[in-house]
Amino acid sequence: MLHIAIIGSGPAGYYTAEAAQKQWGDNVRVDIFDMLPVPYGLIRFGVAPDHQSIKGVVRRYEQTALSENVRFVGNVKVGQDVSVDELLTLYDAVVLATGAPRDRQLGIPGDHLGNVHGSAAFVGWYNGHPEFTALDPDLSGHTAVVIGMGNVALDVARILAKTGDEFAGSDIVKHALDRLMASNIRRIIILGRRGPHQIMMTPKELGELGHLSRATPWVDPRDLPDQADDALLEPGIRKSVTQLRSFAAISESRRAELPLEIEFDFFASPRALLGTGKVEALEVERTRIEAGRAIGTGESYLIQASLIVSCIGYQTTPIAGVPFDERAGRFANDEGRILTGLYCVGWARRGPSGTIGTNRPDGFGVVEMIAEDITSASSKQGGRGFDALAGARKLNVVTFQDWKKIEVAEASRARDGAPREKFVDVAEMIHARD
Ligand code: NAP
28 MLHIAIIGSG PAGYYTAEAA QKQWGDNVRV DIFDMLPVPY GLIRFGVAPD HQSIKGVVRR
88 YEQTALSENV RFVGNVKVGQ DVSVDELLTL YDAVVLATGA PRDRQLGIPG DHLGNVHGSA
148 AFVGWYNGHP EFTALDPDLS GHTAVVIGMG NVALDVARIL AKTGDEFAGS DIVKHALDRL
208 MASNIRRIII LGRRGPHQIM MTPKELGELG HLSRATPWVD PRDLPDQADD ALLEPGIRKS
268 VTQLRSFAAI SESRRAELPL EIEFDFFASP RALLGTGKVE ALEVERTRIE AGRAIGTGES
328 YLIQASLIVS CIGYQTTPIA GVPFDERAGR FANDEGRILT GLYCVGWARR GPSGTIGTNR
388 PDGFGVVEMI AEDITSASSK QGGRGFDALA GARKLNVVTF QDWKKIEVAE ASRARDGAPR
448 EKFVDVAEMI HARD
């Protein structure tokens, strides 16, 4: 029997469990740990609440979760309730699938000012992550700046722009919906330090901005490169640039009809945030592109704004005793191997890029590596040993069956048409189980 502990119950964690089952069948036991009492990580707390079809992938994870040889071990903080070293003595392999839940810092003067939020915090707030429930963003001003030109920036801009009706069928949490419905924001600027040809946005997600009921996207046609140059782009980006061109063609009269505008500001690198206590303005330097890199031109300008959300990427949270690559913001690893017996997958391994499906080959890859590394029969105790330790430490472990009770309770208190109203703090989640 092989005993595997997977730390993190998001996509990377469940794909690794699925791969382990395929590899070893009945000869493996898998425990999937999560620091929260609820599973699915990024799917619950990262994927936008109005993208329910993407969340449908959890049905696949649930099949894995419900099999005999896989357990969910929720409400256990690895590194705090139990150390990685302890898990290594109990399990043949420990796989860190903890994602990248921390914001990369802007690292410019003023980034500590009030109402400057990273996307992990802001997205966590509208998705009901217990750590960010109390974020309390101030949406009373006129202008918001969203920094970054990736899909997270699109999520944030879209959520800030939607009407109540447009959240029908979503699982946005009540505290966020209430605040958004009282928002005064009328101008959302998506700021990119490079140009239209360097955006990280995918065409479908970008296209959604063109179908909002009270907002129009706007691209200044002067920012667009020669159309002939689009031919050199990779097809996905080319489609996205075609979307940008369609936004540049939106008429003045159409823009004037709707109360909210989403403006793309290209070649604009954030230099400083200004304000007393709370942010009041962003200083930006114009850039030009040289060999694909943004180079400051020395020309700068101010954008008056009372909300800043930086969507510039994420980092993995270090765990005591696990080698960490500070520069890359993830565990130090060689294609997933940290050391024999200790591995990482998904964003914790390769950083925050790719789609949910990218994690599947990752999971299968790490399982092959474990199979190469562990060739002899195991004498480890696995889950039985962990249960003894959890009992001795009086850990309040949440099982998958417990989660199913929480899930039913969340569904039963949902708004009309919504799939669930999430519990947004750990005590409420545990209470729903009890
Ligand atoms: P991303 O795609 O890497 O985009 C990050 C953006 O931040 C880039 O435009 C980058 O510009 C910019 N940036 C980085 N550092 C900056 C700085 N110091 N100042 C100004 N701009 C800076 O990251 P993401 O948007 O966080 O998305 C993470 C992953 O999740 C991606 O793979 C994304 O596709 C995926 N995702 C998918 C969906 C979906 O499919 N619906 C939704 C959300 C997220 P440079 O290019 O110039 O560095």
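For the sequence shown, the numbering used here gives the first residue as 28, with consecutive numbering after it. Each residue gets a CB set at the ideal place from its N, CA and C atoms; glycine is no exception. These figures come from a predicted structure and were not determined experimentally.
Could you name the residues of the same chain whose beta carbon sits closer than 6 Å to that of alanine 127, not counting the 5 residues immediately before and after it, in chain order?
Here the set comprises Tyr341, Gln342, Thr343, Trp374, Pro379.
I'd like the span of the beta strand (DSSP E) that includes glutamate 310, first residue to last.
308-317
Just to confirm before moving on: does the CB-CB distance between isoleucine 346 and valine 105 stay below 8 Å?
yes
Residue range of the unbroken alpha helix (DSSP H) whose run includes threonine 190
Counting along the chain, threonine 190 falls outside any alpha helix (DSSP H), and DSSP gives it neither H nor E.
Around the Cβ of glutamate 395, are there at least 16 other Cβ atoms within 10 angstroms (buried) or fewer (exposed)?
exposed
Applying the 10 Å Cβ sphere with the 16-neighbour rule, what's the burial state of serine 197?
buried
Can glycine 373 be considered in contact with ligand 1, in the sense that its beta carbon sits closer than 7 Å to one or more heavy atoms?
no
Kindly indicate the opening and closing residues of the beta strand (DSSP E) around glycine 222.
Where glycine 222 is concerned, there is no enclosing beta strand (DSSP E), given that its DSSP letter is neither H nor E.
The segment 218-236 contacting the segment 294-308, beta-carbon criterion three pairs below 8 Å:
yes
Per-residue burial, alanine 438 [other beta carbons within 10 Å of its own, 16 or more giving buried]
exposed
Every unbroken beta strand (DSSP E) inside the segment 367-415 [3 residues or more]:
369-371
Should asparagine 211 go down as buried or exposed, given a rule of 16 or more other Cβ atoms within 10 Å for buried?
exposed
Could you check which residue in Glu290, Arg129, Gly302 has the C-alpha nearest to that of arginine 357?
By alpha-carbon distance to arginine 357, the top candidate from Glu290, Arg129, Gly302 is Arg129.
I think proline 223 touches isoleucine 289, with their Cβ atoms under 8 Å apart; what is that distance to the nearest whole Å?
So it is not a contact: roughly 15 Å between Cβ atoms.
Return the bridge partner residues of valine 109 from the DSSP annotation.
Val105
Any Cβ of chain C within less than 8 Å of the Cβ of serine 406?
Here there is only one protein chain, and chain C is not present.
Pairwise C-alpha distance: valine 122 and lysine 231
Taking the straight line from one Cα to the other gives about 33 Å.
Leaving out five residues before and five after tyrosine 328 in sequence, what residues of the same chain have Cβ atoms less than 7 Å from its Cβ?
Val311
Hey, is serine 296 close to ligand 1, as in C-beta under 7 Å from one of its heavy atoms?
Serine 296 Cβ: within cutoff of ligand 1.
Does ligand 1 have a heavy atom nearer than 7 Å to the CB of proline 252?
no
Check lysine 449 in the structure and name its three-state DSSP category.
coil
Using C-beta distances below 8 Å, list every residue in its chain close to threonine 269, excluding the 5 sequence neighbours before and after it, in chain order.
Excluding the 5 residues flanking it on each side, threonine 269 has same chain C-beta neighbours closer than 8 Å at Pro230, Asp257, in chain order.
Neighbourhood of glycine 348 by C-beta, 7 Å cutoff - its chain only, sequence neighbours within 5 removed:
Ser110, Val111, Asp112
Closest residue to lysine 305 among Val143, Asp443, Arg442, Val451 (Cα-Cα distance):
Val143
Would you list the residues sitting across from tryptophan 245 in a DSSP beta bridge?
Glu290
Please find out if some non-hydrogen atom of ligand 1 comes closer than 7 Å to the beta-carbon of proline 379.
yes
Could you check how far apart the C-beta atoms of phenylalanine 413 and aspartate 58 are, in whole angstroms? I think they sit under 8 Å.
6 Å
Secondary structure at tyrosine 481, three-state DSSP: helix, strand or coil?
This structure does not reach residue 481, given that the chain is present from 28 up to 461, and the question cannot be answered.
Closest to alanine 32 by C-alpha separation, out of Lys266, Gly368, Ser80, would be which residue?
Of the candidates Lys266, Gly368, Ser80, the one whose C-alpha sits nearest the C-alpha of alanine 32 is Gly368.
Would you decide whether proline 262 is buried or exposed? Buried here means 16 or more other CB atoms lie within 10 Å of its CB.
exposed
Glycine 40 versus glycine 390: straight-line alpha-carbon distance, rounded
8 Å
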